[in-house]
């Protein structure tokens, strides 16, 4: 996946697979900075991430930016997005993946 992202001049990607069961860890395959992914998972940001919420709620790919242009962000969501920018994560393109059993995943391609 890293090679494919690189061939399109995309700086990095993240594939997030939240567990459908309570208490199970989120699976993440990513070329985002390790310090960010560790912080993200430790903070359990997948629970409040507005990008993940939008991907979970729809099936259409979408662009996003750290300013949350078309989203009303909570204080916690704003903090998450502000922290992401400190790690160089400013905007991306997300593809939501849903299957017939309700399992969900998100593929995020960082654009800048």
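Numbering (the working numbering), first residue to last: 10 to 121.
Every residue gets a Cβ at the ideal spot worked out from N, C-alpha and C, and that includes glycine.
Please read these numbers as outputs of a predicted model, since none were measured by experiment.
Quick one: any contact between the stretch 86-96 and the stretch 104-112, if contact means 3 or more CB pairs under 8 Å?
no
Since residue 117 is in the beta strand (DSSP E), which residue starts that stretch and which ends it?
113-119
Apply the 10 Å Cβ neighbour rule to residue 61 and answer buried if 16 or more other Cβ atoms are within range, or exposed otherwise.
buried
Roughly how many angstroms separate the alpha carbons of residue 27 and residue 36, rounded to a whole number?
6 Å
For residue 21, which residues of its own chain have a beta-carbon under 6 Å away from its beta-carbon, when the five flanking residues on both sides are left out?
40, 41 and 119
Would you give the residue range spanned by the beta strand (DSSP E) that residue 105 belongs to?
100-107
Using the three-state DSSP reduction, which class does residue 36 fall into: helix, strand or coil?
strand
Which word fits residue 47, buried or exposed, when buried means at least 16 other C-beta atoms lie within 10 angstroms of its C-beta?
exposed
Starting from residue 91, trace the alpha helix (DSSP H) in both directions and tell me its first and last residue.
84-95
In terms of DSSP beta bridges, what is residue 9 paired with?
Residue 9 is absent from the model: the chain starts at 10 and stops at 121.
Less than 8 Å between the beta carbons of residue 74 and residue 100, yes or no?
yes
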